[in-house]
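Under this note's numbering, the first residue of the sequence shown is numbered 1, with each subsequent residue one higher. Notes for the one structure printed next.
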Amino acid sequence: MKKAILKTLVYSDIFNFPLKKQEIWDALIWEKKTLPKFSDFEKELESLKKTRKIKSDKGFFFVFNNKKAIALRKKREKYSKEKLKVAKKTGFWLKAVPTIKMVAITGSLAVLNSEKQDDIDFLIVSSKNKLWITRALATLAIELVAKRRRPNQVEIKDKICLNMFLDEKALKFQKQRRDLFSAHEISQVALLWERNNCFKNFKKNNLWVKDYLPNWKS
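Spelled out as structure tokens, the structure:
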């Protein structure tokens, strides 16, 4: 359990993202067949804190004495809330595309950890066999109602990046893409809107995430 907690905090530290107690539990990197117990987690978290292998301040836990990441997370949260307004407004207009089944936010914005100059990443799910027409219509819609990120652009602040398109009948990540990074990306997807329980189906098709993050609320 101690190793799992440390691994989780070290991973989040890569993104300068200190975690609260519940967040550590929810994102606990656990690759054993037996499921973790919350009581054991609480006990080992306190033990690590007492032995100073991890630090805590203002309800956040972190490693490597990275206390400054707390202020950074709060600053990024402020930036992210402004970007969310752009994302929600843009996502609303995408409802005009009938072949779109789901629009969601991915990446740093999904966990309110965006830098001021960051773009906004969208995941879009299309109707069955309508992926290419959906991509074309979504791109056109973004051109009309927002600022779309283009390849090799330097200034990308608040621009919409159509980061990922999936067909509603091909929601499962292929085996070669199933790793810890992808598991985190999927677990952090933030839904904007859906049709016909598409988000539920997306999560159901990617239960492999639990092989890395068993506490993921699928």
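The beta carbon of each residue, even a glycine, is placed where N, CA and C say it ideally should be.
Helix, strand or coil at residue i [DSSP, three-state]
i: R195; result: coil
i: V125; result: strand
i: R148; result: strand
i: L162; result: strand
i: T99; result: coil
i: K67; result: coil
i: A141; result: helix
i: S218; result: coil
i: I156; result: coil
i: F92; result: helix
i: F202; result: helix
i: A110; result: helix
i: D179; result: coil
i: A170; result: coil
i: F119; result: The sequence shown places Asp at residue 119, rather than the Phe named in the question. Three-state DSSP puts D119 in coil, outside helix and strand.
i: K219; result: Examination of residue 219 is not possible in this model, given that the chain is present from 1 through 218 alone.
Nearest to residue i (by Cα), restricted to the options the options
i: P151; options: D119, Y212, E194, K200; result: D119
i: A4; options: F17, L35, N16; result: L35
i: K74; options: L19, A96, Q174; result: L19
i: F17; options: E115, K32, K50, F173; result: E115
i: V125; options: N65, Y79, W193; result: W193
i: G59; options: L131, F15, I70; result: I70
i: F165; options: L131, V154, F173; result: L131
i: E31; options: T139, Q188, A183, A146; result: A183
i: F15; options: D26, V154, N66, W216; result: N66
i: P214; options: A138, V63, K78, W25; result: W25
i: F61; options: T8, L84, L109; result: T8
i: V189; options: N163, I54, K37; result: N163
i: L112; options: S127, D121, L140, Y79; result: Y79
i: K55; options: V10, K172, L109, I186; result: V10
Cβ-based burial, residue i [other Cβ within 10 Å; buried from 16]
i: D40; result: exposed
i: Q22; result: exposed
i: L144; result: exposed
i: D57; result: exposed
i: A27; result: buried
i: E155; result: exposed
i: R52; result: exposed
| message | Which runs of the alpha helix (DSSP H) at least 4 residues long sit entirely within the segment 3-53? Give them in chain order. | response | 21-26, 38-50
| With contact counted as at least three CB pairs below 8 Å, one residue from each stretch, are the segment 84-91 and the segment 32-50 in contact? | no
| task | Determine, using beta-carbon pairs with one atom in the segment 102-118 and one in the segment 192-199, whether at least three such pairs fall under 8 Å. | result | yes
| query | Just checking, does the segment 202-211 make contact with the segment 171-186 on the three C-beta pairs under 8 Å criterion? | reply | yes
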